[in-house]
Amino acid sequence: MSEQRIIIRKQSAPTRCEICHQTDQFDPETYRCRRCAHIPLPLYNSKAMTRSSSYVVVASVLTFLAIFVGPCLGPLGATLGLVGAVLGKLELDMIKGDAYLVSKQKIISWARFAFYGGIVAVVFDMLVFVLILLRND
Ligand SMILES: [Zn+2]
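Each residue of the sequence shown is one higher than the one before, starting from 230 at the first, in the numbering used here.
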């Protein structure tokens with residue numbers, strides 16, 4: 230048996246859809262094809278789900294801390310809330326552009342909690358901080 234070798238001379242980003250092999254609906258920046266975006270791909274879906282879930286957990290924990298522990302931490306608590314809100318917003322934007330994640334209500338709810346809760350926490354934590362400063366004067 231002769232030894233067969235494959236030599237990769239050049240690698241480049243995909244320019245066409247892996248499913249329909251067309252270029253017209255394919256976005257080379259996101260690697261997504263608008264024609265095939267609705268076709269369920271188990272591997273892609275579970276990856277998107279895992280990434281999205283872990284992202285939302287981090288955002289929600291930060292917002293949770295900012296709400297319940299943040300008032301004792303002052304500006305640090307507000308910073309936690311701000312990061313939680315930004316991560317929540319990024320996740321919401323990502324969900325909006327994803328044909329699969331858009332149907333995942335649980336992830337959307339937690340992302341909303343992280344975003345809106347984070348904003349409320351920033352205002353609340355800073356308010357508590359300022360009130361404590363004023364009382365100490
Ligand atoms: Zn396609």
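From the three backbone atoms N, C-alpha and C, an ideal C-beta is built for every residue, glycine too.
Here the structure is a predicted model, which means the values were calculated and not measured.
DSSP-derived helix/strand/coil call for residue i
i, result
"C301", "helix"
"D327", "coil"
"D256", "strand"
"R238", "coil"
"R280", "helix"
First and last residue of the uninterrupted alpha helix (DSSP H) at residue i
i, result
"D354", "Q334 to N365"
Whole-angstrom distance between residue j and residue i, CA atom to CA atom
i, j, result
"T279", "I336", "11 Å"
"R261", "S275", "16 Å"
"A340", "V351", "16 Å"
"G310", "D322", "18 Å"
"A295", "L356", "13 Å"
"I248", "A266", "10 Å"
"K325", "V331", "6 Å"
"I235", "R263", "33 Å"
"K239", "L305", "48 Å"
"R364", "G346", "27 Å"
Below-8 Å beta-carbon distance, residue i vs any chain B residue
i, result
"I268", "The structure shown contains no chain B; it holds only a single protein chain."
Classification of residue i by the beta-carbon crowding that lies within 10 angstroms, buried from 16 upward
i, result
"T226", "Residue 226 cannot be examined here, being either before or after the span of the chain that is shown, 230 to 366."
"S283", "exposed"
"P300", "buried"
"S281", "buried"
"F358", "buried"
"I348", "buried"
Beta-carbon proximity list for residue i, same chain, < 8 Å, skipping 5 on both sides
i, result
"A343", "V285, A288, S289, L291, T292, G313, A314, L316, G317 and E320"
"T244", "T252, F255 and P257"
Cβ-based neighbour list, residue i, same chain, cut-off 7 Å, excluding 5 preceding and 5 following
i, result
"D327", "A277"
Residues near residue i in its chain [Cβ-Cβ closer than 6 Å; skip 5 each side]
i, result
"A307", "V351, D354 and M355"
"K333", "none"
"G303", "F358"
"H250", "none"
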